[in-house]
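In our numbering, the protein residues as written are 4 to 194.
Glycine included, each C-beta is placed from N, C-alpha and C at the ideal position.
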């Protein structure tokens, strides 16, 4: 295959897997923050991910420990392994060595939820600017519950200054620093 086709294939495969992982992580967060299964967003997320999570729920004796959905975490790990195996085939024409595969999976297990939290914070900030009365939207409750611990931590680090809330910005920068550090560290190890 030509280099251009491989680049397009890499983009399409990584995008498809990243979107699936985003929805799986959202399912984990919805369960962790105890969002009702009857909530419209929760219902949609469950429908999209049931095909991966249900088989694992049948295999695992206790699929939930506390507020953590172990079967969903297993599905995330399975999808991560599949993602990097396929990307290794596309880029190198062979499967990645097991140790590299596991390093990439472990790194992505940190990076993906950081991305989800980053975009949740960004959505909260943008919606509060664009439409301050958006509390009736179904996504509002989910975003508030998911981002509240981060915003509270941000308020402890940086209090409001003259009525301006910089906590989301500080936390978004922190999340980006984490993802960039891990990405650069993994890239240096693999190269």
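With H, G and I counted as helix, E and B as strand and the rest as coil, what does DSSP make of residue i?
i           : result
residue 164 : strand
residue 38  : coil
residue 169 : coil
residue 142 : helix
residue 134 : coil
residue 5   : coil
Please report the Cβ distance between residue i and residue j, rounded to the nearest whole angstrom; I am assuming they are in contact, meaning their Cβ atoms lie under 8 Å.
i           : j           : result
residue 33  : residue 145 : 7 Å
residue 25  : residue 119 : 6 Å
residue 48  : residue 30  : 5 Å
residue 124 : residue 156 : No, residue 124 and residue 156 are not in contact; Cβ-Cβ is about 12 Å, not under 8 Å.
Using a Cβ-Cβ distance cut-off of 9 Å, determine whether residue i contacts chain D.
i          : result
residue 99 : This model lacks chain D altogether; it includes just one protein chain.
Under DSSP, the alpha helix (DSSP H) around residue i begins and ends at which residues?
i          : result
residue 59 : 43 to 62
Using the beta-carbon count (16 or more within 10 Å), is residue i buried or exposed?
i           : result
residue 150 : buried
residue 28  : buried
residue 64  : exposed
residue 160 : exposed
residue 102 : exposed
residue 165 : exposed
residue 121 : buried
residue 43  : exposed
residue 52  : buried
residue 114 : buried
Quick check for students: name the residue ranges of the alpha helix (DSSP H) that lie wholly in the region 65 to 132, counting only runs of 4 or more. 73 to 95
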